[in-house]
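Going by my numbering, the first residue of the sequence shown is number 50, and it counts up by one from there.
Below is one structure, written out as structure tokens; the observations come after it.
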Amino acid sequence: MTRLAAVFGGGGIVGLGWELGVVEGLREAGVDLATADRSVGTSAGAIVGAVLAVGLPIEELPERADELGPDLETLTSQVDLARVDEIGERWRAAGMRPSRSERAAIGALALAAPAAPPDVFVAVLGRLLPEHAWPSGLVVTAVRATDGGFVTWDSASGVALPTAVAASCALPGVFAPVRVGEERYVDGGVRSPLNLDLAAGADLAVLLAPSGRDELADVIATEAEPVVAQGGRVVEVLPDAAGLTAIGPDLMDVERLLPAAMAGYEHGLRAADELAATVRAA
């Protein structure tokens, strides 16, 4: 079995800041999730998992991500808000875990939505994650826009790491689907904000996600089942009340990125002792 899996959920640019802060707080307090045998990254969590796995300095990332704000605002300047709302309503109505046919319907809306060219989006995210060899153990999720198929990429997939991460972050209706080979892909969060079930086979799965447990309870319960069924344990690292206040309601609000990162950092420092004991016991 895999001893330790780290699962990084989606959560927009603000959630990215919170997760990076948690990772840095944990590391400073002696818990380094870079040592995980498997890392699963979805959407913003794909960025976190990738930068951690390739060894980039996490402490610099929140400010570097904050600097992308003007570019992200330009990329989203032509967004059709009514279409984004329709996509969000479909996703939430499916309990944040749409079926393949429901994912295909979301993909069709994304393909038809006005958006900046996907290569521009890939280039912007590439400033956070320059070209690197794909690290062993990293899994990045995405959804094929044409038919709703769920895909995972790893070091054996032959996909450039920045492209895979950008595809996983291609929020439908906001960013254009990203081309990989002959297909176009949207955010892995369309299948699930967590994709925690990909940690099945691990002794311990540590889940980071920038949403409250009340919101994620059903998704966690469903996706933890295959982990537990194979003898594993799931430990959740989710924001407390202070963290949720720092994150705020709009996960694409760039102005909240740095406050969310600081709240995440403080949370990581507080959570480290208990998590360290759990990791040692696994």
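Glycine included, C-beta positions come from ideal geometry on N, C-alpha and C.
From a predicted model like this one, the values you see are computed outputs, not experimental measurements.
Ignore the nearest five residues each way along the sequence and tell me which others in residue i's own chain have a CB closer than 7 angstroms to its CB.
i, result
"Ala194", "Gly156, Ala159, Leu160, Pro226, Arg233, Tyr234 and Val235"
"Val171", "Pro211, Thr212, Ala215 and Val227"
Go ahead and label residue i buried or exposed: buried means 16 or more other beta carbons lie within 10 angstroms of its beta carbon, across all protein chains shown.
i, result
"Val277", "exposed"
"Ser150", "exposed"
"Ala114", "buried"
"Ala330", "exposed"
"Leu300", "buried"
"Arg176", "exposed"
Going by DSSP in three states, residue i sits in which element: helix, strand or coil?
i, result
"Glu285", "strand"
"Val389", "A query on residue 389 cannot be resolved here, the shown segment of the chain reaching from 50 to 331 and no further."
"Val89", "strand"
"Glu116", "coil"
"Gly64", "helix"
"Ala78", "coil"
"Leu300", "coil"
"Gly98", "helix"
"Leu105", "coil"
Considering only C-alpha positions, which residue in the set the options is nearest to residue i?
i, options, result
"Leu132", "Ala254, Phe224 and Gly90", "According to the sequence displayed, residue 132 carries Arg and not Leu. Of the listed residues, the one whose Cα sits closest to Arg132 is Phe224."
"Leu287", "Glu274, Arg305, Glu264 and Thr271", "Glu264"
"Gly74", "Thr327, Met311 and Glu122", "Met311"
"Val229", "Asp86, Ser206, Thr125 and Thr327", "Ser206"
"Val72", "Glu180, Pro119 and Leu257", "Leu257"
"Leu306", "Asp196, Glu109, Leu101 and Glu77", "Glu109"
Please list, in chain order, all residues of the same chain as residue i whose beta carbon is under 6 angstroms from its beta carbon, the five residues on each side excluded.
i, result
"Asp203", "Val188"
"Arg262", "Leu287"
Practice problem: Starting from the N-terminal side, write out each stretch of the alpha helix (DSSP H) that is 4 residues or longer and does not extend beyond the stretch 189–265. | Solution: 210–217
Quiz item: Quick one: complete alpha helix (DSSP H) runs, 4+ long, within the stretch 124–200?
Solution: 130–142, 149–161 and 167–175
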